[in-house]
Amino acid sequence: MISFTIGTWSSWALWIATTVALLLGAYRFVAPFIARLKPSQRNSRADGLNVIYDPSGNNDIVEPQFEIVAVHGLGAHPEHTWEGKAIEKDKPRVHLLRHLLPRAFPEARIVSFSYNSDWLVDAPEKTAQQIGHRLAESLAKHRGQALRLPIIFIGHSFGGIVIKKALCELGRSSSMLEDTCGIIFPGTPHQGSSLSIAASLLGKLTALLGSNTALLLSLQSNHSQLSDLEDEFRRVAAGKQITSFYETKPTFYKGLSIGCIVNRESARGFSKDPISVDTDHAGLNKFSGPDHPGFREIRTVIQKLRAKLLIKQADDVLLEKHYRSENLRIERLSGEELSMDRCYINLAIVQQVQAKTPSQDAWVATEKAPKSSPFSLLARLRVETLADHNQVHLKDLFSQHKRSDGLEVFPRRILIRGRAGVGKTTLCKRMVHDCVNGGMWRDLFDRVLWVPLRNLKERPAPGYNLERLFFDEFFRHGDRPGKLFAEETSKALKDNRTLLILYGWDEVNQIATANSDMSRFLRNELLRQPNIIITSRPSASVPVQDQPIDLELETPT
């Protein structure tokens with residue numbers, strides 16, 4: 001009996017000693033994690049969407065041309081996770097988003113999405129779906145009504161799952177997905193990770209400290225949630241350029257190898273040619289400098305993925321479809337082509353001179369239609385002999401001028417009158433040609449839109465607006481892309497760098513004076529644009545009382 005008791009106590013003592021040893025060993029293993037997860041450190045972390053670099057703050061580049069959105073992984077610090085050790089010991093750490101990408105792509109806006117991804121000690125009760133929803137909402141608010149930028153996503157590890165959740169929630173019809181020109185997945189566990197089981201056990205051991213294993217368990221190898229997400233993502237992101245990176249070296253902790261956290265098959269997703277990187281899992285987003293092999297791979301992929309700004313694509317359509325040399329060709333009455341460099345002979349634009357005649361006052365008294373200038377209809381119909389100092393060269397059209405009333409102006413709203421056959425069409429072609437091919441007025445305008453107003457007579461009026469005008473006139477070649485280009489061209493008017501050439505006001509003069517939807521569009525939208533050149537025959541009146549013409553000119557016969 002005594003021997004049995006002693007033996008029992010010996011067994012219990014051995015069990016207790018073993019348990020204590022295991023707990024101490026586990027504590028020593030977990031302690032570094034716990035130290036990094038102190039509340040005081042977490043509270044200082046960035047949260048949500050943060051603009052890391054914006055070229056608009058750079059003196060050399062005004063507006064960003066595309067956007068890079070980076071999302072960190074599970075249990076990662078949103079700032080330090082992108083930092084790599086510098087080659088030289090005394091140098092500061094190298095940050096992928098703050099240092100390397102802005103130098104490689106100074107025209108890109110760099111944005112990071114931060115979230116509390118802790119799973120060990122005092123972890124939040126969150127799912128991948130909730131985090132993805134927050135990313136989608138944050139991006140929608142961030143982009144707002146501004147010009148749409150092409151997006152390249154970078155999702156390290158679990159950050160790739162968050163990106164997939166966000167894009168699947170938005171769906172194929174969203175502008176965000178349309179603007180996505182590529183997604184980079186460094187070490188994303190599309191089919192899970194075998195390490196999640198061991199990490200989950202660690203989380204359960206520290207459950208009393210607030211650890212949460214929900215996110216970890218969702219990353220088990222071949223988990224049904226991951227498979228369902230991959231199926232949905234392939235449907236939503238069909239046609240998008242996807243590039244995956246995977247590690248080839250195991251991860252070590254405390255000298256012990258825990259293997260490759262995400263193997264090749266799980267990391268590839270539906271990337272056709274996944275790229276191997278000679279590093280461990282943490283090294284997929286940490287680089288020592290611009291010559292680091294891993295960063296060179298990332299840089300090469302971004303160069304291939306990046307797309308033109310949507311408004312730049314719209315500008316290309318204008319050049320390729322509407323402003324080619326054959327569209328701007330000028331012919332003599334004989335049918336012989338006239339070279340552009342000789343067109344100046346027929347384009348002598350002169351300032352109109354007010355001519356007072358005995359019958360002018362009587363004519364003005366009987367005229368009821370509103371006028372765009374102090375000149376009477378009789379004066380417009382007269383052909384004046386003009387002094388040389390009144391002539392205006394085309395390139396100087398927007399330079400400072402002295403009007404007939406003595407006021408010095410830098411005109412932005414210009415009216416050019418001319419009789420039939422004096423060369424108004426030739427004038428418009430020459431203006432477009434010199435803007436597109438010669439860089440005329442480039443310091444003032446990014447694009448010129450030549451709008452033949454006669455086309456408006458055949459178009460339905462209800463709800464007509466500038467976006468529909470641009471679609472009908474320039475982008476009807478493709479339904480969905482055309483509508484996007486028209487929308488962006490309309491948005492670009494806010495930047496005050498678009499010149500509209502409204503050709504043939506006399507063609508719509510009667511419509512503009514009627515009480516109709518189209519007349520309201522003409523008067524309240526089209527004529528209110530800040531940068532316009534209107535061409536018209538002398539007999540037509542232009543109703544612009546509240547926004548007067550800055551300079552009125554005439555093409556002589």
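The sequence shown runs 1 to 557 under UniProt numbering. Glycine included, C-beta positions come from ideal geometry on N, C-alpha and C. Note that the structure is predicted; figures quoted are calculated from it, not measured.
The Cβ-Cβ distance between I152 and L305 falls below 7 angstroms. With respect to the 7 angstroms criterion, L49 and S138 are classified as neighbours on the basis of their beta carbons. A136 is classed as buried because its beta carbon has at least 16 other beta carbons within 10 Å across all chains shown.
Here the C-alpha atom of P274 lies approximately 9 angstroms from the C-alpha atom of I242. For C428, the CB contacts under 7 angstroms within the same chain, skipping 5 residues up- and downstream, are W450, I501, Y503 and T535 in chain order.
By a beta-carbon distance limit of 8 angstroms, L527 does not contact I511. Their separation comes to about 12 angstroms. Around the beta carbon of G182, 16 or more other beta carbons lie within 10 angstroms, which makes this residue buried. Membership of N50 in the beta strand (DSSP E) is indicated by the continuous run G48 to Y53.
Fully enclosed beta strand (DSSP E) runs of no fewer than 3 residues occupy 275-277 of the stretch 253-290, in order along the chain. Boundaries of the beta strand (DSSP E) around T535: I532 to S536. Per DSSP, the unbroken alpha helix (DSSP H) holding E178 starts and ends at S175 to D179. Straight-line spacing of the CA atoms in G294 and R468 works out to 47 angstroms. The beta carbon of I533 sits closer than 6 angstroms to those of I414 and I501, all from its chain and outside the five residues before and after it, given in chain order.
Rounded to the nearest angstrom, the gap between the Cα atoms of T425 and T498 is 20 angstroms. Taking the C-beta atoms as reference points, V301 is found nearer than 7 angstroms to I184.
Looking at the DSSP output, Y115 bridges to nothing. For R412, the closest alpha carbon among the candidates Q391, R98, P548 and V236 is that of P548. Annotation for G155: the continuous beta strand (DSSP E) segment containing it runs I151 to G155. For R520, the enclosing alpha helix (DSSP H) has its first and last residue at D517 to F521.
Of the residues V111, A70 and R459, the one whose Cα lies closest to the Cα of D472 is R459. As computed with DSSP, P186 is found in a beta bridge with F245. Annotated as distal: I110 and S288, with beta-carbon spacing of 7 angstroms or more. Non-local C-beta neighbours of A314 in its own chain, meaning closer than 6 angstroms and more than five positions away in sequence, comprise F485, E488 and T489, ordered along the chain. It is roughly 9 angstroms from the alpha-carbon of G418 to the alpha-carbon of S539. Around the CB of N465, fewer than 16 other CB atoms lie within 10 Å, so the residue is classed as exposed. By the beta-carbon neighbour count (other beta carbons within 10 angstroms, threshold 16), Q400 is exposed. Assignment of E554 by DSSP, reduced to helix, strand and coil, places it in the strand class. Contact between M340 and R264 does not hold, since their C-beta atoms are separated by about 59 angstroms, which reaches or exceeds 8 angstroms. The C-alpha of G482 is placed about 38 angstroms away from the C-alpha of Q225.
Counting only residues of its own chain and dropping the five nearest sequence neighbours on each side, E232 has a CB closer than 6 angstroms to the CB of C168.
V236 sits in a helix when the DSSP states are folded into three classes. The Cβ atoms of R454 and E507 lie closer than 7 angstroms to each other. Under the three-state reduction of DSSP, F66 is assigned to strand. For T498, the enclosing beta strand (DSSP E) has its first and last residue at T498 to Y503. Our two residues, D405 and L444, have alpha carbons roughly 26 angstroms apart in a direct line.
Per the C-alpha coordinates, the member of P92, K164, K89 and P64 positioned closest to P150 is P64.
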